[in-house]
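Every letter in the sequence shown is one number past the one before it in our numbering, and letter 107, counting from 1, is 1279. Structure record follows, encoded as structure tokens.
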Amino acid sequence: MITNREKLIHQLTDELKEVTPFNPIKATVTWLLMAFTVTSFAFLVIGPFRDGSLHQLTISPQFLSESLFGLLMIILLAYLSFYIAIPSAKKMMTTLVLPLVFLCIWILFYVEGLSHPALEASISNERHACWAEVVIVGTALMLVSLLWVKRLYPTMPKRNGMLVGLVSGSVPALLMQFACMYEPEHILKFHILPGLLVGLFGVAAGMVILKTK
């Protein structure tokens, strides 16, 4: 004879729905495709990319190296932005120190370029408001990304906000190396620095948007 308790158990198990676990790798790939597509489209609306910029990857190993390392850094930042949003114990070394080390190495490529530039300095295709493009596009990506991350119930809003802000600012900063003039000092001041500012915005925005009740 089935008791009321057994009936209740059967009823509860019958109503259970299968929940697909969150996959940070899948989310990272989706985010990267969205971010690079949106940024490229926004830049093209404002103006063309620098003539021959993709070809320059094949003639300058240094330009190729700094671009590939920048892409690697963005992939890492994007993955960690989703990874640390999943509630669990996370190590400071993995979630904060490592991405900051990658970011510093990427910046050092252009600091080295001040004395040994990857490409011949040229003002060809200079975009006079490139820094504003980086900030505006980066901030838009950051806000959308924070709303996405919020659904994962993150427990470290400041750290998560900073990572989201940094990766959101890094995408337009990297692509601007192909859309605007190539000159290391200009890149540091008007491409990378505005991208870093988006990271600072991310800390403040994360405290507001990702705040847990």
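Just so it is clear, CB atoms sit at the ideal spot from N, CA and C, and this is done for glycine as well. In this text, all values refer to a predicted model and were calculated from it rather than measured experimentally.
Short Cβ contact (7 angstroms threshold) for residue i with residue j
{"i": "Leu1313", "j": "Ser1342", "result": "no"}
{"i": "Val1375", "j": "Met1334", "result": "yes"}
{"i": "Leu1291", "j": "Pro1271", "result": "no"}
{"i": "Ala1377", "j": "Leu1318", "result": "yes"}
{"i": "Leu1236", "j": "Leu1229", "result": "yes"}
{"i": "Pro1356", "j": "Leu1275", "result": "no"}
First and last residue of the uninterrupted alpha helix (DSSP H) at residue i
{"i": "Ala1301", "result": "Neither: Ala1301 is in no alpha helix (DSSP H) and is coded neither H nor E."}
{"i": "Lys1383", "result": "Run containing Lys1383: none; DSSP gives neither H nor E here."}
{"i": "His1358", "result": "Pro1356 to Ile1359"}
Distance between residue j and residue i (C-alpha atoms, nearest Å)
{"i": "Leu1216", "j": "Lys1383", "result": "35 angstroms"}
{"i": "Ile1247", "j": "Thr1200", "result": "7 angstroms"}
{"i": "Leu1240", "j": "Met1379", "result": "32 angstroms"}
{"i": "Pro1289", "j": "Ser1260", "result": "43 angstroms"}
{"i": "Val1336", "j": "Ser1253", "result": "6 angstroms"}
{"i": "Phe1281", "j": "Glu1238", "result": "6 angstroms"}
{"i": "Leu1315", "j": "Glu1284", "result": "33 angstroms"}
{"i": "Leu1368", "j": "Leu1338", "result": "6 angstroms"}
6 angstroms CB neighbourhood of residue i in its chain, flanking five on each side removed
{"i": "Pro1344", "result": "Thr1211, Val1306, Val1309 and Gly1310"}
{"i": "Pro1366", "result": "Trp1303, Val1306 and Val1307"}
{"i": "Gly1242", "result": "Trp1278 and Leu1346"}
Nonlocal neighbours in the same chain, by C-beta distance under 7 angstroms from residue i, ignoring five residues either side
{"i": "Leu1268", "result": "Arg1331"}
{"i": "Leu1180", "result": "Note that Leu1180 scores a pLDDT of 49, beneath 50, so its modelled location is shaky; the value from the coordinates is reported in the next line. Taken in chain order, the list of residues that qualify is empty."}
{"i": "Ile1279", "result": "Ile1364"}
{"i": "Ser1232", "result": "Ala1290 and Leu1291"}
Beta-carbon contacts of residue i that lie in its chain and below 8 angstroms, excluding the five residues immediately before and after
{"i": "Tyr1251", "result": "Pro1196, Ile1197 and Thr1200"}
Residue i CB to nearest heavy atom of the ligand ATP below 6 angstroms
{"i": "Tyr1251", "result": "Among the components of this structure there are no ligands whatsoever, and the ligand ATP is therefore not found."}
Original post:
Residue ranges of each alpha helix (DSSP H) run of no fewer than 4 residues wholly in the stretch 1236–1300, ordered along the chain?
Top reply: The stretch 1236–1300 contains these whole alpha helix (DSSP H) runs: 1270–1285.
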